[in-house]
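What follows is a single structure, written as structure tokens, with notes after it.
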Amino acid sequence: MSVSQCSSCPEWNSMTSCAASGQMIEKATADGASTMFHRAQTSKPCPIGSKGLCCSVCGLGPCRVTEDDDNPVVGVCGATAATIAARNFARMVAAGTAAHSDHGREIVELFIAVAKGEAPGYEIKDVRKLHAVATEFGIDVTGKEKNAVALELGEKALGEFGKQHGELTFLSRAPAARQEKWRKLGIAPRGIDREVVELLHRTSVGVDQDYKSILMAASRTALADGWGGSMIATELQDIMFGTPVPVRSKVNLGVLKADQVNIIVHGHDPIIPESMVQAAREPEMLELAASVGATGINISGICCTANEILMRHGIPIAGNYVQQELAIATGAVEAMVVDVQCCLEALPEMSKCYHTEIFTTSDKARITGATHLEFEPGTAFETAKELLRRAIANFPNRGVVEIPSEVMDMVVGFSHETINYILGGHYRSSYRPLNDNIINGKIRGLVAVAGCNNPRQRTGAVHSALFRELIANDVLVLATGCAAITAAKEGLMRPEAAELAGAGLREVCEAVGIPPVLHCGSCVDNSRLLVAACGIQAEGGFGDDMAYVPAAGCAPEWMSEKAIAIGHYFVSSGVMVVFGNTWPTLGSDKVSDFLFREIEEYTDGHWVFEPDPLEMARILIERIDFGRSLHGYDKARERVLFDMDMRRELDV
Ligand code: MSK
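The opening residue of the sequence shown carries number 0 in numbering that gives the first Met the number 0; numbering runs sequentially from there.
Encoded structure:
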């Protein structure tokens, strides 16, 4: 399928399928401001680096190599194209794992500070989940006060990062067969930091020079992300800030308000925004806003910080990754507060054309030209109030304001616990109804759609076509990250979107009142999907391993190293994963063949590269049908829909 547009379409239409974004690209162009859409036109990808064939791990190079059978070119040290492409891929996994896991560590450090009473304004909110997770870590919770349990859990969770021997605690959540497989392959991660460090060592000059060995080591590191750093981040955030439940909100640039002080929070870490949301309700702040002529304070989000506070507070989302500069182009944003990851260095330059002040809040994520206001757990609330004051003071400095009208409703908050509850009820929360509806064919299977947006293609168009094709074929979609934001902008996270689904999925969605595309959270929350896959497997009907559940994953518009780490932990957990846009090992057939085919012999999962959304959907559905056929579910069966009326009749 072609995602290019007709010649009568406006120029922006070839860059994005989002009209609000297009309007702001045009405005930025007229204002003389450069955005990633403009730069993507003038800066083309390096043809050698994009295929994984540039080695820069030592001062002998950088070396450019080829795998040409007749005339292979190796590096000065003798490293082959396969070794170099595998190293580059593995280093992306290491970097992605480090990013998610360092985020997790910061959450644990705050968690411990909260437990010690050293972080005023934060508290342990979900005691039920605290007890459940603490028990998994071997903590006896009987008769203990919640902060005492939290302190023990925090110390143990922190220990997962520096652990040198044994296995990560959360690996025990996986089916026994999967754990055994990891042990046999030697890829059960020991400690989170250890796996990242070892992979960087392996891939430095003159160490591991067997591409298969490098790629399997990358599996161990990726597993330390999904079942370690990311899972710890998700679980402790839930305990501290609340486990998400369904909530209504709105998405797209139209959430910005012309008559209010607009503050955008952006990045991945919900710590500061949690305080800002509280502070924005303080009468003192509202009075201050009124004193400069604003009718209120409007906090909205970009990227995964947005997903975090959306899921827990219903705070609206202004946009996804590619919309961060476009939000500034509205001229209506007084402050953009960034934390870590996915925040463009170009933001301060962009803001020179407008009045927006860019604030950084993490010592490890400073941007030249931004104002730095460091976050400390003990003074977070004061920092949050200072950020609000600065934004309010900036309100009178506005120039021309142009806010796109596009805004869409959405229902979000589908944590693993919520999916369980919605499908099984409070007393019998269970995946049984979901499993039954997969077995009887009403739901064909599940696809996780994760990852970013990318101005290298007509952004949004691939996601849109893929989502629609999947749900039309009765595939229930679980979305995270910026992919989830894109689905929400398309209206696919409203229960009414069930109209676009196939008859079976539509019936299930309408019976339980859920959209056909479920918002499951941020990038670290892809760990929720691992937990869900384990829960579905444990419920019965799909064999003894999560690899045999009719499910698959994809990231159609990925751009981040973190996406590669996420994909590789799914592949290493037995899941087929399809990536679009580009693929970083295309310069080595050996490495690509290993990742696309041979790795399945070891982990049961494998990678696919396919940029076309409809072909991508076909591959995903084919994998789901294969999963169904393993259990004899490829034939139509009579089904019983476990709807609300039947649930009420349960003898509980
Ligand atoms: S924010 S990693 S652009 S999903 Fe998680 Fe979005 Fe990708 Fe950043």
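For each residue, glycine too, the CB sits at the ideal point set by N, CA and C.
Being a predicted model, the structure only gives us computed values, none of them experimental.
Q.
Taking only three categories from DSSP, how would you classify W11?
A. Of the three classes helix, strand and coil, the one that applies to W11 here is helix, per DSSP.
(Q) Considering just the uninterrupted stretch of the beta strand (DSSP E) at D588, what are its terminal residues? (A) D588 -> not in any beta strand (DSSP E); alpha helix (DSSP H) instead, spanning 588 to 592.
**Q.** Selection from T367, P555, A379 that minimises the alpha carbon distance to L465
**A.** P555
Q: From the DSSP output, in three-state form, read off L346 for me.
A: helix
Q. K441: buried (16+ other C-beta within 10 angstroms of its C-beta) or exposed?
A. buried
Q) Is it right to say K488 is buried, meaning 16 or more other beta carbons lie within 10 angstroms of its own, or is it exposed? A) Residue environment: K488 is assigned as buried (16 or more neighbouring CB atoms within 10 Å of its CB, all protein chains considered).
Q | Burial state of T360, where buried means 16 or more other Cβ atoms lie within 10 Å | A | buried
Q: Verify the contact flag: G300, CB atom, against every heavy atom of the ligand MSK, threshold strictly below 6 angstroms.
A: no
Q: Tell me whether G552 counts as near the ligand MSK, meaning its Cβ is closer than 6 angstroms to at least one heavy atom of that ligand.
A: No - the ligand MSK has no heavy atom lying nearer than 6 angstroms to the Cβ of G552.
Q.
I'd like to know if the segment 441 to 456 and the segment 313 to 327 are in contact, where contact means that at least 3 CB-CB pairs between them fall below 8 angstroms.
A. yes
Q. Measuring CB to CB, does G412 end up less than 7 angstroms from P245?
A. yes
Q: Return the residue from the list C533, W557, Y601, M14 that minimises the CA-CA distance to P610.
A: Of the candidates C533, W557, Y601, M14, the one whose C-alpha sits nearest the C-alpha of P610 is W557.
Q.
Using C-beta distances below 8 angstroms, list every residue in its chain close to V399, excluding the 5 sequence neighbours before and after it, in chain order.
A. G330
Q | With 16 other Cβ atoms within 10 Å as the buried cut-off, status of E307 | A | buried
(Q) Given 6 angstroms as the limit, tell me if Y320 has its C-beta closer than that to any heavy atom belonging to the ligand MSK. (A) Within the cutoff, so yes.
Q: Check whether the Cβ of C522 lies closer than 6 angstroms to any heavy atom of the ligand MSK, and answer yes or no.
A: True, at least one ligand heavy atom lies under 6 angstroms from that Cβ.
Q. Helix, strand or coil: which one does DSSP assign to T65?
A. strand
Q: Give the straight-line distance between the Cα atoms of T15 and H567, rounded to the nearest whole angstrom.
A: 28 angstroms
(Q) For a quick check, are the C-beta atoms of V570 and C553 less than 7 angstroms apart? (A) no
Q | Contact the segment 260 to 276 vs the segment 301 to 315: 3+ CB pairs below 8 angstroms | A | As far as the Cβ criterion goes, the segment 260 to 276 touches the segment 301 to 315, which means the pair count is three or higher.
Q: Kindly indicate which residue of I418, A293, P376 has the alpha-carbon position closest to the one of I513.
A: I418
Q) Can you give the beta carbon distance from A149 to V113, rounded, assuming they're within the 8 angstroms contact cut? A) 7 angstroms
Q) Taking buried to mean at least 16 other C-beta atoms within 10 Å of its own C-beta, is E654 buried or exposed? A) With the chain covering 0 to 651 only, the question about residue 654 has no answer from this structure.
(Q) Looking at N393: is its Cβ nearer than 7 angstroms to the Cβ of E333? (A) yes
Q. For A654, which residues from the same chain have a beta carbon less than 6 angstroms from its beta carbon, with the 5 sequence-adjacent residues on both sides left out?
A. No answer is possible for residue 654: it lies beyond the span of the chain, which begins at 0 and ends at 651.
Q: On the DSSP bridge assignment, give the partners of T359 in chain order.
A: Its beta-bridge partners are V337, H371.
Q.
Quick check on W606: does DSSP put it in helix, strand or coil?
A. In the structure shown, W606 sits in a strand (DSSP, three-state: E or B).
Q: Tell me whether D69 is buried or exposed, calling it buried when 16 or more other Cβ atoms sit within 10 Å of its Cβ.
A: exposed
Q | the segment 532 to 548 contacting the segment 175 to 190, beta-carbon criterion three pairs below 8 angstroms | A | yes
Q: Give the C-beta separation of L491 and V516 to the nearest angstrom, bearing in mind that I take them to be a contact with Cβ-Cβ under 8 angstroms.
A: 4 angstroms
Q: Find the nearest neighbour of L475 within the set A131, I598, L528, P282, judged by alpha-carbon distance.
A: L528
Q: Kindly list the residues whose CB is nearer than 6 angstroms to the CB of M230, restricted to its own chain and excluding five residues on each side of it in sequence; keep chain order.
A: F169, S526
Q: Kindly confirm or deny that the segment 582 to 597 and the segment 47 to 58 touch, where touching means at least three C-beta pairs closer than 8 angstroms.
A: yes
**Q.** Uninterrupted alpha helix (DSSP H) stretches inside the segment 373 to 426 (no shorter than 4 residues)
**A.** 379 to 393, 415 to 423
Q: Run the proximity test for G459: is its beta-carbon closer than 6 angstroms to any non-hydrogen atom belonging to the ligand MSK?
A: no
Q. Relative to the C-alpha of P119, which residue among T378, L184, A293 is closest?
A. T378
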